[in-house]
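This report refers to the structure that appears directly beneath it.
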Amino acid sequence: LPAEYIQMAGRAGRRGKDVIGKVIILCKSEVPDEHILKSMMFDKPMKLESQFRMTYAMILKNLQHNMEAEVTVENMITRSFKEFPEQAKHSVYRRELSALKKLLEEEELKREGMKRPGEDKLEEFFDLAVDYIQKYNQYQALAMIQQKAVKEMVIGRMVLISYQDHINKYGIVVGKTNQDSEKAVYRVLVLVNQDHPENPVHNELYYQMVCVMRPKQRFVWDGRGGHTILRLRPVHITKLTPEIIRVDAEGIIRDWEKRQMPRFKD
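Numbering follows full-length UniProt numbering, with no gaps: position 233 of the sequence shown is 233.
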């Protein structure tokens, strides 16, 4: 077998001195054919599979005899025959990791030296805007659960909302799904344009950032689109207007839910 021949060749060579080991094969009968000898010497050896099994008894005995040495189960496994090849590669992995870290540091230094004009100001604005949005969300959520605000959130109330790509858009409150003010979810009817995407393409922070940059911009309906009903938390309602419109909220919601069914959608 190739594995047996390689094992003999390894033992014949002196470790650290001989590049190869010389093996003399004694044949008791006839000398094997040349192709058999070549196969034995040059074929790929069978992979040696370790039959070692770690049992609970072994672990307990090891811990009992090595309490002071602090030998852990992980150490036992890493020192096993099966894990030895992987452990031998750790030095290579460490060198590769060190080289990658060095390359990353060099790329970061290059990037710092390649900043475009105004990029520092843009980064500063972004940090300030994120801080503002976080504080605004916190205070707005507190303001909207106050008793006065909760009383004002009646059916038909016109509100200004900003949620996903519905930025600075007026809507009408048509329902409330939870009576608990802190966990309230309002259903708000809003208009949408014909080219409005069904799903948002950016995360919520992106749309909140756009809202911060365009505080006075309002949604303009193109007259060709339709409407949708959003489920909004109090933080998404940016302003309560004094206008209250008489609406058949139950009828609107019933019609909307019916049109979400595939056969009525179109």
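The beta carbon of each residue, even a glycine, is placed where N, CA and C say it ideally should be.
Legend entry - Proximal residues to Val210 (C-beta, below 7 Å), its chain only, five neighbours per side dropped: Ile167
Inset, instruction - Within the same chain, show all residues whose beta-carbon is closer than 7 Å to that of Gly225, passing over the 5 residues directly before and after it, in chain order. - result: Leu191, Val192, Asn193, Gln194, His196
Inset, instruction - Tell me whether Ser162 is buried or exposed, calling it buried when 16 or more other Cβ atoms sit within 10 Å of its Cβ. - result: buried
Legend entry - Secondary structure of Asn137, DSSP reduced to three states: helix
Legend entry - Pro234 in three-state terms, based on DSSP: Correct three-state label for Pro234: helix.
Inset, instruction - Tell me whether Ile155 sits in a helix, a strand or coil according to DSSP, three-state version. - result: coil
Inset, instruction - Can you check DSSP and say which residues form a bridge with Val185? - result: DSSP, once it has assigned bridges, lists no residue as partnering Val185.
Legend entry - Boundaries (first-last residue) of the alpha helix (DSSP H) holding Gly251: Annotation: the continuous alpha helix (DSSP H) that includes Gly251 extends over 249–259.
Inset, instruction - Compute the Euclidean distance between the alpha carbons of Asp255 and Lys148, then round it to the nearest angstrom. - result: Asp255 and Lys148: Cα-Cα distance of roughly 31 Å.
Legend entry - Residue range of the unbroken beta strand (DSSP E) whose run includes Val19: That residue, Val19, is in no beta strand (DSSP E); it is neither H nor E in DSSP.
Inset, instruction - Could you tell me whether the Cβ atoms of Val247 and Gly156 are closer together than 9 Å? - result: yes
Legend entry - Within 9 Å, strictly: CB atoms of Ala129 and Met153: no
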